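K.L.:
What follows is a structure written as structure tokens; I'll ask about it next.
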Amino acid sequence: MEWCSINTCRVLVVSVVLLSYNMLLISSPPAAAATTDAQVEAEAEALRNSTWWWYMENTTSHHCTWDGITCNREGHVIQITYSYIDGTMVELSQLKFSSFPSLLHLNVSHSSIYGPIPDEIGMLTKLTYLRISECDVYGELPVSLGNLTLLEELDLSYNYDLFGAIPSSLGSLTNLEYLSLNFNRINAPIPSEIGNLKNLIHLDLGSNSLSSVLPYLSLNFNRINDPIPSEIGNLKNLIHLDLSYNSLSSVISSSLGNLTNLEYLDLSFNSINCSIPFEIGNLKNLVALNLSSNSLSSVIPSFLGNLTNLEYLDLSFNSINGSIPFEIGNLRNVVALNLSYNSLSSVIPSSLGNLTNLEYLDLSFNSINGSIPFEIGNLRNVVALNLSSNSLSSVIPSSLGNLTNLEYLDLSFNSINGSIPFEIGNLRNVVALNLSSNSLSSVIPSSLGNLTNLEYLDLSFNSINGSIPFEIGNLRNVVALNLSSNSLSSVIPSSLGNLTNLEYLDLSFNSINGSIPFEIGNLRNVVALNLSSNSLSSVIPSFLGNLTNLEYLDLSFNSINGSIPSEIGNLKNLAALNLSSNYLSSVIPSSLGNLTNLVTLSLTWNSLVGAIPSSVGNLINLTEFNICGNQIRGCIPFEIGNLKNMASLDLSDNLINGKIPSQLQNLESLENLNLSHNKLSGHIPTLPKYGWLSIDLSYNDLEGHIPIELQLEHSPEVFSYNKGLCGEIEGWPHCKRGHKTMLITTIAISTILFLLFAVFGFLLLSRKMRQNQTKTPLKKNEKNGDIFSIWNYDGKIAYEDIIEATEDFDIKYCIGTGGYGTVYKAQLPTGNVVALKKLHGWERDEATYLKSFQNEVQVLSKIQHRNIIKLHGYCLHKRCMFLIYKYMERGSLFGVLSNEVEALELDWIKRVNVVKSIVHALCYMHHDYTPPIIHRDISSSNILLDSKLDAFLSDFGTARLLHHDSSNQTVLAGTYGYIAPELAYTMVVTEKCDVYSFGVVALETMMGKHPRELFTLLSSSSAQSIMLTDILDSRLPSPQDQQVARDVVLVVWLALKCIHSNPRSRPTMQHISSRLLTQLPSLETFHGISLWLLNTQEI
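Residue numbering for the sequence shown is -33 to -1, 1 to 1066, as defined by mature numbering (1 follows the signal peptide of the UniProt record, and there is no 0).
Laid out in structure tokens, this is it:
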């Protein structure tokens, strides 16, 4: 028998569920309310039992109405202010503190409270404000005060009978801003844990019985911006004083000279802008003095020579001028001396030879001249010696051979001449040797073969001649060898094949002849091989196919003949292949299609024949394909449409026929297309992205209608000398449907034949001229030493327009400064607004600034990316040098984050997009461009924002193309606070240096300020308690949208991975880019995420 129908049963089930749910709704609130009521009653009872309010007539009234009691909506006590002073004394411990879990504010100052402070006070864990001053409280301070970790203000002053020690647990109160214990009888040493109170603004320990006056004071990584007070000179027992990483300005107080017990003084990373006061010379016990990264001026005072106990002296990154005083030689205990990045001039004093305990000496990036003193050879304990980027001349003294403990020697970017001394071979512990960018001549001494621990050797950009010594093959630990841009001749020695650890080999821009030796095939670890711009002959050896780790191969501008060996197809990791400007013949091997990681391929100006192999369609990562100036025949293979990443395609100056394949419309990333000077026929097909495509289809047999979009975007010249192209725009021949007359046909054919003969003659002459040219950077439109080049405009801009628009660079058009030069805003006659970076007159005379200018032109003229600042042109003249950029309306990311109003406009979505834009730009530079480009100065000041707050990477003055210096060794560059830590001791730049800087900028974007304080916290014991919400920019409300919240978490997580101290543990930008596309799981508790948790998650 059926009890109910199916529908009836469903109704019953739903009814039962709804009834149960309603019962839950009815029953739950009373239970919760009961719990709340019980707590409220417990608080009321604790107040009544305290006897504090004995003077009130009616203590049965609701406790929230009592004097000094404040409650929240639920009736919980959140504030107690007790100030009754007439009548009976009441004991502090009579109040049961454990009954007030919601209490935020407790103030019993200037009242009749007495007795000891009970341990139970440590149970008020939500307390932010505690004042028990001017009472009769006595006894020792309870250790439990350390539990009040949310406390911001603690005042126990004027009790007179508090005694004993300050508990070390107070060091846990990291939110504390105000601490006053004055006028008591505290009589023990001040604990060093007080130094953990990084947010402390006010500290008063006066009028006590402290058994030792403050020996250690560290207030680093704060925001102190007032001058150093003169009263600090009263702390006469102070041993350690650290005020680094603040915003201290003005002068160094002369009262510091009273701190005669001081052993450690660190005022680095501030804005102090005076000279070093005379009184510093009184600090005879000083062991470490760090005044680096300020704006100190004037000279190094001679009285520093009185600090004979000094072991560490750092005055780097200031504006100190004058000479190095002779008295510096009195610092016979000094172990590390850093005077780099100043404006020091004159000579290196011979007295430096007295510093026989010296291990680290850095005088780089100054204007020191003269010769390296012979006495430098007395520094037998020195491990690192950096004299780079000065104006040193004369020869390298043979006495350097005495420095047998030396591991790092950098004399690059000077004017040192003469030969490399034979004695350099005595430096058997040296790991890195950089003598590049000098005027060294003569030959490479065979004694260099003794340096068997050498890993980095850079002798590039000198005038060294002769042959590469056979003994170079003894350097079996060398990883990077750069001998480029010299006058080396003869052949490549076979002994180079012994360097099996070699990763970077650059012999380019020499006069090396002969063939590539068979032994080069032993270099199985080599990543970059550059033999370009020499006189190498013979064929490309097939054994190069054994170098399976090779990513960059450049044999361009030689006299290599024969065919391209099919074994090149074995180089599966190859990203860049350049065989241009040789005498290669035969066909392009189909095995090149195996190089699926290839990004750039250049085979220009050879004698290659045959057709373009269809296997080229396999090169899906290719962004640049250039085979111009050959004898390639046949059709353009339709498979070329598979190359979706292609940005530049140049097939010009060949014999290619057939139609332009319609598959070219698939090349959505295409920016430059050159098919000129071929035999292409048919119509012009649909092409991608008309708005910014650079195109040249001239000198072919094309006919028919030119797409209207191309007519609007390009001048007639790029379609000239074809069979019969037509269009609608004025100046174009109009397309006609009728037949052409015989007269027109005859004239057209005759004209084309005449032009073909003319063009053929021109091509022969042009090719001859090109083969005789050598690579010379920045040579566009050169006349009488002037170089003025502007692109992306219609040629109407002239030098005079720039001068007129800025009124000859009047100061009123100045909008800021960059790493060098001054930036101006200019509106041109066309209405376009541009930014101009102009090099100062004195900067034009400085090799470093001039090189930065030229470097920025070279880099930005080669790369194009939507998130990299657009360079429109430049002017290079001995009297006026400037760069022309796209104008960025909102300025730098640093400026926006520093502005309270603009920072609010940069909401979480926009900030995440800013970070993504930086990732896209760096990913392109590191992984999509070959050779990779390292920016070296990623900072919030170099991220520019347009009117829509879209981000663009700028300031490429210090950027480095890896094949320019394949040793990766560098002088220190970048902005302090963003520089990867390993650069301080390796001076080797890699992509991971940019990754670290990106991590800092990403955190800064999310935090709204530089994360220097966070770095300290992450390395401390309190790191596990730091919540994500604690570090995010408090000016913005927490993200409410789940997707936005997930994006914020993802950015912070990736940024934390990027700032890992070990570069190998940092992700690549490609990895970061791919992770930004992933979706994090749903976040149930955004406010419950800790940085410790994020840091432990594997990427």
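Every residue, glycine too, gets a C-beta built ideally from N, C-alpha and C.
All values derive from a computational prediction rather than experimental measurement.
I'd like to confirm the pairing. Which residues does DSSP put opposite L551 in its beta bridges?
P.N.:
The partner list for L551 (beta bridge, DSSP) reads G529.
K.L.:
Cutting at 6 Å between CB atoms, please list the residues of its own chain near N501, excluding the five before and the five after it.
P.N.:
Cβ within range, chain order: N477, I479, N525.
K.L.:
Nearest by alpha-carbon distance to N588: which of N285, L568, S581, P604 is it?
P.N.:
Among N285, L568, S581, P604, the Cα nearest to that of N588 belongs to L568.
K.L.:
What number of angstroms, rounded off, separates the C-alpha of L575 from the C-alpha of S582?
P.N.:
Computed Cα separation, rounded: 17 Å.
K.L.:
For I673, which residues in the same chain have their Cβ closer than 8 Å to its Cβ, ignoring the five residues on either side in sequence?
P.N.:
Taken in chain order, the residues that qualify are I651, F686, L692, C693, G694, W699.
K.L.:
Verify the CB distance criterion: does P1030 have a CB-CB separation below 8 Å to chain D?
P.N.:
Among the chains in the structure shown there is no chain D, since it carries only a single protein chain.
K.L.:
Express the C-alpha separation of K165 and S222 in angstroms, rounding to a whole number.
P.N.:
Answer to the nearest angstrom: the Cα atoms are 24 Å apart.
K.L.:
Measure the CB-CB distance between S629 and N612 and report whether it falls below 8 Å.
P.N.:
Result no, Cβ atoms of S629 and N612 do not sit closer than 8 Å.
K.L.:
Thinking just about the alpha-carbon of each residue, which of L370, R395, S403 is nearest to the one in N384?
P.N.:
Of L370, R395, S403, the residue nearest in Cα terms is S403.
K.L.:
Starting from K805, follow the beta strand (DSSP E) in both directions and report where the run begins and ends.
P.N.:
Here the beta strand (DSSP E) through K805 covers 800 to 805.
K.L.:
Out of curiosity, what's the CA-to-CA distance linking N249 and P134?
P.N.:
Approximately 34 Å between the Cα atoms of the pair.
K.L.:
Could you please give the first and the last residue of the uninterrupted alpha helix (DSSP H) stretch that includes M973?
P.N.:
958 to 974 is the span of the alpha helix (DSSP H), which, as asked, contains M973.
K.L.:
Start and end of the beta strand (DSSP E) containing D848?
P.N.:
Rather than Asp, the amino acid found at residue 848 in this sequence is Met. First-last of the beta strand (DSSP E) with M848: 848 to 853.
K.L.:
Does the Cβ-Cβ distance between S262 and S238 come in under 8 Å?
P.N.:
Yes, the Cβ-Cβ distance between S262 and S238 is below 8 Å.
K.L.:
Can you round the beta-carbon distance between I391 and L415 to whole angstroms, since I take them to be within the 8 Å contact cut?
P.N.:
Indeed they touch by this definition, with Cβ atoms about 7 Å apart.
K.L.:
Taking all protein chains shown into account, do 16 or more other C-beta atoms lie within 10 angstroms of the C-beta of S430, making it buried, or fewer, making it exposed?
P.N.:
Exposed.
K.L.:
Rank W20, L108, R395, S964 by C-alpha distance to the C-alpha of I905 and give the top, closest one.
P.N.:
Considering only alpha carbons, the answer is S964.
K.L.:
Taking the continuous beta strand (DSSP E) assigned at S865, which residues delimit it?
P.N.:
Segment 860 to 865 is the alpha helix (DSSP H) holding S865; no beta strand (DSSP E) there.
K.L.:
Does the Cβ of Q678 have 16 or more other Cβ atoms within 10 Å, making it buried, or fewer, making it exposed?
P.N.:
Flag for Q678 reads buried.
K.L.:
Name the residue from F284, L271, A255, G106 whose alpha carbon lies nearest to the alpha carbon of S264.
P.N.:
Per the Cα distances, F284.
K.L.:
Report yes or no: do three or more beta-carbon pairs, one from the region 993 to 1003 and one from the region 864 to 879, lie closer than 8 Å?
P.N.:
Taking 8 Å as the limit for Cβ pairs, the verdict is that the region 864 to 879 does touch the region 993 to 1003.
K.L.:
Between which two residues does the alpha helix (DSSP H) holding I607 run?
P.N.:
Note, I607: premise wrong, no alpha helix (DSSP H); not H, not E.
K.L.:
Give the secondary structure of P316 by DSSP, where H, G and I count as helix, E and B as strand, and everything else as coil.
P.N.:
Coil, per DSSP.
K.L.:
In terms of residues, what are the limits of the alpha helix (DSSP H) holding I343?
P.N.:
Counting along the chain, I343 falls outside any alpha helix (DSSP H), and DSSP gives it neither H nor E.
K.L.:
Should L258 be listed as close to the ligand GTP, given that the test is whether its C-beta is under 7 Å from any heavy atom?
P.N.:
Absent from the structure shown: the ligand GTP. Ligands present: none.
K.L.:
Does the separation of the CB atoms of S451 and S475 fall below 8 Å?
P.N.:
Cβ distance < 8 Å, so S451 and S475 count as in contact.
K.L.:
Starting from P83, follow its DSSP beta bridges and name the residues at the other end.
P.N.:
Answer is Y105.
K.L.:
Tell me the residue span of the beta strand (DSSP E) that contains N449.
P.N.:
N449 -> beta strand (DSSP E) spans 447 to 449.
K.L.:
Considering only residues of the same chain and omitting the five flanking positions on each side of I45, which have a CB-CB separation below 8 Å?
P.N.:
So the list reads T37, C38, N39, S69, L70, L71, H72, once near-sequence residues are dropped.
K.L.:
Within 10 angstroms of its Cβ, does C702 collect 16 or more other Cβ (buried), or is it exposed?
P.N.:
Per the 10 Å Cβ criterion, exposed.
K.L.:
DSSP state of C241, grouped into three classes?
P.N.:
C241 falls in the coil class under three-state DSSP.
K.L.:
Kindly list the residues whose CB is nearer than 7 Å to the CB of S533, restricted to its own chain and excluding five residues on each side of it in sequence; keep chain order.
P.N.:
The residues are P556, S558.
K.L.:
Is the beta carbon of L258 closer than 8 Å to that of L282?
P.N.:
The answer is yes: Cβ separation under 8 Å.
K.L.:
Just checking my contact of E638 with S665 at CB under 8 Å: how many whole Å lie between their CB atoms?
P.N.:
Contact doesn't hold; Cβ gap of about 18 Å is too wide.
K.L.:
The beta strand (DSSP E) that contains C693, what's its start and end?
P.N.:
Residues 691 to 693.
K.L.:
Between the C-alpha atoms of F605 and L622, what's the straight-line distance to the nearest angstrom?
P.N.:
Cα to Cα, F605 sits roughly 17 Å from L622.
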